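The opening position of the sequence shown corresponds to residue 192 in my numbering, with each subsequent residue numbered one higher.
Worksheet: one structure, shown below.
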Amino acid sequence: MSAVWRRYHEATKHTVERLRRSRHFLDWANMPDPFRHYEGAPVVDLPADAPAPLCGALEALRGGLGRPNARDGAEFLSQLLFHTAAISATRVVAATGHRYALRVNPSSGNLHPTEFHFATRGLKGWPDGLYHYRPSSHMAEQRATGDWVSGLGLEAPLVFVLTTIAWREAWKYQSRAYRYCCHDMGHAWEALNLAARACGYGTRARGDFRDDELSRMLGVTDEWAMLVVAVDCEAKGTAIRERRWTGGTPNRLSEEIVPYPLIEEVHEAGRELTGERWEQRAGAAEHSYKDDEPFAVVARRRRSALDFRGGERSITLEQLRTLLEAAGRGGFVDPWAYVHRVEGMEPGLYRSNLELVRREDQRVVAAGLSLGQDLAGNSCVTFSMIADLERATALHGERGYRYAHFEAGAIGQRLYIAAEAMGFQSTGIGAFYDDAVHRYLELEQGQVIYHFACGYAVKDERLGPVDHD
Ligand SMILES: Cc1cc2nc3c(=O)[nH]c(=O)nc-3n(C[C@H](O)[C@H](O)[C@H](O)COP(=O)(O)O)c2cc1C
């Protein structure tokens with residue numbers, strides 16, 4: 192079997208030498224717009240006063256379903272997207288006074304490569320059609336009317352297609368950016384799963400489809416379809432079957448698009464559907480939880496810590512266990528833990544079942560391996576997510592490379608929400624010295640694909656309330 196993914200992965204590993212040799216600089220004048228608009232497409236308002244979902248954050252994480260409380264399709268879509276992908280804060284750049292938006296779903300470099308498209312069929316009071324979510328103003332752009340669910344590969348009254356715009360990430364992270372696009376996709380997917388569950392409905396996801404057919408159907412050019420997510424909500428209205436294109440022209444994101452052949456190549460290789468189907472389902476809960484903050488509050492308060500208050504508070508062993516439970520097992524990814532400050536635990540390196548592998552202070556090592564980022568040492572615990580990429584690609588062909596990264600992103604999203612629900616914070620870390628991690632963990636197989644840190648965040652003085660355009 193050819194292994195484009197292996198070449199890509201090796202070529203995009205961070206090493207001290209490669210970073211030193213890099214001549215890359217950020218071309219601010221050419222920074223891609225993080226907001227996509229389909230200009231000229233009719234926009235449909237999502238009501239500002241939609242009710243908050245009725246579900247605890249930990250309950251949603253454990254597969255619980257909230258009690259549906261939206262009165263119609265518009266309210267449902269509004270509450271779902273408001274807790275999945277909307278703007279949730281702004282940050283001010285002190286030197287210039289410039290403000291930029293932060294969203295419910297996190298994104299490497301806040302560059303937001305993921306776009307949310309969705310098709311609806313029979314939602315009460317909402318015209319059937321194909322839409323694109325416009326987070327900058329919390330509105331839906333109607334790209335077509337009629338039944339666009341048929342042909343997406345999953346049947347439900349509401350089906351999302353998540354796409355990625357690789358250039359947005361490549362502008363900053365160059366060839367390594369494809370990894371981050373896939374992580375971001377995983378975060379967005381899990382943000383959507385959790386919000387759907389909090390609103391009362393389970394989801395199903397598929398990653399295997401004919402990329403080109405889906406892109407053609409969505410009428411996208413610079414966006415790559417990566418995931419289809421069905422939301423099993425109720426349909427009450429009448430369905431309009433006949434399709435009519437209302438279109439819209441995609442806004443230009445930057446003056447120039449710099450090509451990254453390694454990204455094109457690994458994505459292209461993943462187009463082939465040679466392996467097993469990749470389908471995921473969000474489960475149902477068996478418990479209900481006391482002292483659980485509302486999901487609506489936790490999801491919108493979630494922020495990445497800029498750094499952690501090292502040397503101060505610890506988390507408890509029970510909290511660490513809850514994090515690991517939220518992270519989940521199975522699939523292709525296994526998190527190892529650099530434990531810095533967890534009550535009742537010796538600082539050390541642990542496997543995901545909390546088996547102690549190295550008994551010693553891990554702060555310098557965790558920060559050093561994370562490209563010298565202090566936050567990985569100042570946290571209470573930092574994770575290295577180790578993926579069995581050989582197994583993922585043996586099962587799913589080249590496309591398995593995407594799936595393993597989606598999974599790591601989804602785990603990250605659950606960690607963000609779990610930590611926030613327990614009163615502390617997190618940060619995803621895409622930058623690490625790959626092979627140095629492997630050597631330190633003495634791995635015989637597997638590749639590190641994501642780092643993630645949890646602890647008590649330092650205060651971010653530059654955060655402000657939401658701005659809409
Ligand atoms: C895949 C991924 C990788 C990230 N890598 C880093 C990193 O290496 N260092 C860092 O400080 N933050 C990292 N972040 C955090 C982002 O910078 C953060 O999500 C973004 O600025 C948006 O802020 P928010 O999460 O508060 O919405 C990463 C986030 C994601 C999703």
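The C-beta atom is built at its ideal place from N, Cα and C for all residues, glycine as well.
All figures in this text were calculated on a predicted structure; none of them were measured in a lab.
1. Classify serine 279 as buried or exposed, calling it buried when 16 or more other Cβ atoms lie within 10 Å of its own Cβ.
2. Less than 8 Å between C-beta atoms, sequence neighbours within five positions excluded: which residues of the same chain meet that for arginine 500?
3. Tell me whether serine 575 sits in a helix, a strand or coil according to DSSP, three-state version.
4. Give, in chain order, every unbroken run of the alpha helix (DSSP H) that is at least 4 residues long and sits entirely within the segment 385 to 426.
5. Here's a check: name, in chain order, each residue in its chain whose Cβ is nearer than 7 Å to the Cβ of alanine 473, leaving out the five neighbours to either side.
6. Below 8 Å on the Cβ atoms is my guess for glutamine 553 versus glycine 535; work out the distance and round it to an integer in Å.
7. Are at least three pairs of beta-carbons, each pair with one atom in the segment 258 to 273 and one in the segment 350 to 367, less than 8 Å apart?
8. Can you give, in chain order, each stretch of the alpha helix (DSSP H) that sits fully within the segment 256 to 341 and has at least 4 residues?
9. Pick helix, strand or coil for tryptophan 469, following the three-state DSSP scheme.
10. Please state the DSSP three-state secondary structure of glutamate 230.
11. Going by DSSP in three states, alanine 610 sits in which element: helix, strand or coil?
12. Quick check: is any heavy atom of ligand 1 less than 7 Å from the C-beta of asparagine 221?
13. Under DSSP, the beta strand (DSSP E) around phenylalanine 486 begins and ends at which residues?
14. Would you say aspartate 338 and alanine 460 are within 8 Å of each other, going by their C-beta atoms?
15. Excluding the 5 residues preceding and the 5 following tyrosine 631 in the sequence, name in chain order all residues of the same chain whose CB lies nearer than 7 Å to its CB.
16. Measure from the alpha carbon of leucine 514 to the alpha carbon of each residue in Val449, Cys246, Glu611, Phe400, then state which is nearest.
17. Any heavy atom of ligand 1 inside 7 Å of the beta-carbon of glutamine 564?
18. Work out the CA separation of glycine 502 and methionine 192 for me, nearest whole Å.
19. By alpha-carbon positions, which one of Ala396, Arg370, Tyr369 ends up nearest to alanine 382?
20. For the segment 230 to 247 and the segment 265 to 274, state whether three or more C-beta atom pairs, one from each stretch, are separated by less than 8 Å.
21. Let me make sure I understand the geometry here. Which of Asp263, Ser341, Gly320, Ala601 has the alpha-carbon closest to that of lysine 427?
22. Report all residues from its chain with a CB closer than 7 Å to the CB of proline 233; omit the five preceding and five following residues, and keep chain order.
23. Run through DSSP, which three-state label would isoleucine 640 get?
24. For a test of your reading of the model: does the CB of serine 213 fall under 7 Å from any non-hydrogen atom of ligand 1? Yes or no.
25. Can you determine whether any heavy atom of ligand 1 sits closer than 7 Å to the C-beta of tyrosine 371, and answer yes or no?
26. Specify the secondary structure class of glycine 377 as computed by DSSP and reduced to three states.
27. Cβ atoms of valine 572 and valine 530: under 8 Å apart, would you say?
28. If you count every other CB in all the chains shown that lies within 10 Å of the CB of proline 223, and 16 or more means buried, which is it?
29. Any chance the CB of arginine 294 is under 7 Å from a heavy atom of ligand 1?
30. DSSP on isoleucine 602, reduced to helix/strand/coil?
31. Report the CB separation of tyrosine 199 from glutamate 463 in whole angstroms; it is logged as a contact under 8 Å.
32. How many angstroms separate the CA atom of histidine 659 from the CA atom of glycine 519?
33. Under DSSP, the alpha helix (DSSP H) around valine 457 begins and ends at which residues?
34. Can you tell me which of the three DSSP states glycine 559 falls into?
35. Below 8 Å between beta carbons: does that hold for leucine 580 and alanine 595?
36. Would you check if the distance between the CB atom of tryptophan 380 and the CB atom of alanine 578 is smaller than 8 Å?
In brief:
1. Walking along the sequence shown from the start, residue 279 turns up at place 88. Counting other Cβ atoms within 10 Å of its Cβ, serine 279 reaches 16 or more and is therefore classed as buried.
2. Taking the first residue of the sequence shown as position 1, residue 500 is located at position 309. These residues qualify, in order along the chain: Asn569, Gly646, Tyr647, Ala648, Val649.
3. Within the sequence shown, the letter at position 384 stands for residue 575. Strand.
4. For the segment 385 to 426, whole alpha helix (DSSP H) runs of length 4 or above, ordered along the chain, are 402 to 409.
5. As a first step, residue 473 is located in the sequence shown; it is residue number 282 there, counting from the start. If we look at alanine 473 and ignore the five residues flanking it on each side, its Cβ neighbours are Gly254, Asn384, Arg388, Gly393, Thr394.
6. Along the sequence shown, one-based indexing puts residue 553 at 362. Along the sequence shown, one-based indexing puts residue 535 at 344. Wrong, their Cβ atoms sit about 17 Å apart, outside the cutoff.
7. No, the segment 258 to 273 does not touch the segment 350 to 367.
8. Complete alpha helix (DSSP H) runs here, min 4: 264 to 273.
9. The count along the sequence shown starts at 1 and reaches residue 469 at position 278. In the structure shown, tryptophan 469 adopts coil according to DSSP, grouped into three states.
10. One-based indexing of the sequence shown puts residue 230 at position 39. Secondary structure at glutamate 230: strand, using DSSP grouped into helix, strand and coil.
11. Counting from one through the sequence shown, the residue named residue 610 turns up at place 419. Helix at alanine 610.
12. Counting from 1 along the sequence shown, the entry for residue 221 is found at position 30. Checking every heavy atom of ligand 1 against the Cβ of asparagine 221, none is found closer than 7 Å.
13. As a working mapping, residue 486 is identified with position 295 in the sequence shown. Run containing phenylalanine 486: none in the beta strand (DSSP E); it sits in the alpha helix (DSSP H), 486 to 492.
14. Position 147 of the sequence shown, counting from 1, holds the residue named residue 338. Position 269 of the sequence shown, counting from 1, holds the residue named residue 460. Not closer than 8 Å, so no.
15. Residue numbering aside, residue 631 sits at position 440 when the sequence shown is read from its first letter. The answer, listed in chain order, is Val556, Leu560.
16. Sequence index remark: in the sequence shown, residue 514 carries index 323 (1-based). If we check each option's Cα against that of leucine 514, Glu611 comes out closest.
17. Reading the sequence shown from its first residue, position 373 is the one you call residue 564. Within the cutoff, so yes.
18. On the sequence shown, residue 192 is found 1 positions in, with the first residue counted as 1. On the sequence shown, residue 502 is found 311 positions in, with the first residue counted as 1. Here methionine 192 scores only 46 on pLDDT, less than 50, and its place in the model should not be relied on; the value that follows carries that caveat. Taken atom to atom, the span from the alpha-carbon of methionine 192 to that of glycine 502 is near 49 Å.
19. Taking the sequence shown and counting its residues from 1, the one referred to as residue 382 is at position 191. The shortest C-alpha separation from alanine 382 is found at Ala396.
20. A contact exists between the segment 230 to 247 and the segment 265 to 274.
21. The residue given as residue 427 occupies position 236 in the sequence shown. Of the candidates Asp263, Ser341, Gly320, Ala601, the one whose C-alpha sits nearest the C-alpha of lysine 427 is Asp263.
22. Along the sequence shown, one-based indexing puts residue 233 at 42. Around proline 233: Gln333, Thr437.
23. As a working mapping, residue 640 is identified with position 449 in the sequence shown. Three-state result, isoleucine 640: strand.
24. In the sequence shown, the residue the question calls residue 213 occupies position 22. For serine 213, the Cβ stays outside the 7 Å cut-off from all heavy atoms of ligand 1.
25. Here residue 371 is taken as the residue at index 180 of the sequence shown, counted from 1. Correct: tyrosine 371 has its Cβ closer than 7 Å to ligand 1.
26. For the purposes of this step, residue 377 is taken as residue 186 along the sequence shown, with counting starting at 1. The answer is helix: DSSP assigns glycine 377 an H, G or I state.
27. In the sequence shown, residue 530 corresponds to position 339, counting from 1. In the sequence shown, residue 572 corresponds to position 381, counting from 1. Cβ atoms of valine 530 and valine 572: closer than 8 Å.
28. By 1-based counting over the sequence shown, the position of residue 223 is 32. Burial call: buried.
29. By one-based count along the sequence shown, residue 294 stands at place 103. At least one heavy atom of ligand 1 is nearer than 7 Å to the Cβ of arginine 294, so yes.
30. Here residue 602 refers to the residue found at position 411 when the sequence shown is read from its first residue. In the structure shown, isoleucine 602 sits in a helix (DSSP, three-state: H, G or I).
31. By 1-based counting over the sequence shown, the position of residue 199 is 8. By 1-based counting over the sequence shown, the position of residue 463 is 272. In fact, because the Cβ distance is near 15 Å, the residues do not count as touching under 8 Å.
32. Indexing the sequence shown from 1 puts residue 659 at position 468. Indexing the sequence shown from 1 puts residue 519 at position 328. Using only the alpha carbons, I get a separation of about 36 Å.
33. Here residue 457 is taken as the residue at index 266 of the sequence shown, counted from 1. Looking at the DSSP string, the run of the alpha helix (DSSP H) that includes valine 457 is 452 to 460.
34. For the purposes of this step, residue 559 is identified with residue 368 of the sequence shown, where counting begins at 1. The DSSP-derived three-state label of glycine 559 is helix.
35. Position 389 of the sequence shown, counting from 1, holds the residue named residue 580. Position 404 of the sequence shown, counting from 1, holds the residue named residue 595. For the 8 Å CB-CB criterion, leucine 580 and alanine 595 form a contact.
36. On the sequence shown, position 189 is the one that residue 380 refers to. On the sequence shown, position 387 is the one that residue 578 refers to. Result no, Cβ atoms of tryptophan 380 and alanine 578 do not sit closer than 8 Å.
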